[in-house]
Amino acid sequence: MADDAESLIKPQHEAVLASTVIGCFSTLRHKDGRVSTNPVSYRWNGAEIEISTLKGRMKYRNMFADPRATLCVVSPQDPMHYVEIRGRVRLVDDPDRSLFTAHFRATSGGIEPPDGMDPPGSERAMIYLTPEQVSSPKMYGGQFDDFADKFHSKD
5 MADDAESLIK PQHEAVLAST VIGCFSTLRH KDGRVSTNPV SYRWNGAEIE ISTLKGRMKY
65 RNMFADPRAT LCVVSPQDPM HYVEIRGRVR LVDDPDRSLF TAHFRATSGG IEPPDGMDPP
125 GSERAMIYLT PEQVSSPKMY GGQFDDFADK FHSKD
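Numbers given in the working numbering equal positions in the sequence shown, counted from 1, plus 4.
Structure, rendered in structure tokens:
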């Protein structure tokens, strides 16, 4: 599946993924099946999306019950460009926070996670979202492809 996942993410998708470290992550609520969406920091590792979370969070419980999830990332330079990645997750325990620490460094420009960031006694897990379907349509038929140039000019 990794070869398929890698081939789904095209260079134009990678450009959007590289433009920010924040995306909107959606899971299906384990209690009622409704969609739950939260902003998260993420990292594309070339095969999967990496997200760190606390095991006590609702999104962790949601994914534990149903591994289907979606990440949507909007380009901060041009809100008419986005990429939506749908797939399934695998959850990996992170008892010593080494995955979280590496993820934090990678998404913060090398900064160490602050002491006391997690509540005492909390446990972390790493979420790996494998792309199964990727979309990045031209919004409004591409009429606004120059949106950033027109509406964010320095004039």
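Ideal Cβ positions, reconstructed from N, Cα and C, are used throughout, including at glycine.
Since the structure is predicted, the reported quantities are computational estimates derived from the model, not experimental observations.
| Asked | Found |
| --- | --- |
| Reference Thr134; option with closest CA among Glu88, Thr57, Pro15 | Glu88 |
| Cα-Cα separation, Asp70 to Gly114 | 33 Å |
| Reduced DSSP secondary structure (H/G/I, E/B, other) of Pro43 | strand |
| Local conformation of Arg109 per DSSP, three classes | helix |
| In DSSP terms, what Tyr64 is bridged to | Answer is none; Tyr64 lacks a bridge partner. |
| Neighbourhood of Ala2 by C-beta distance below 6 Å, restricted to the same chain and skipping five residues each side | No information on residue 2 is available, as it lies outside the stretch 5 to 159 that the chain covers here. |
| Own chain, CB closer than 6 Å to Ala22, minus 5 neighbours either side, in chain order | none |
| Residues sharing a beta bridge with Ile26, DSSP | Ser45 |
| Contact under 9 Å by Cβ, Phe104 with Ser140 | no |
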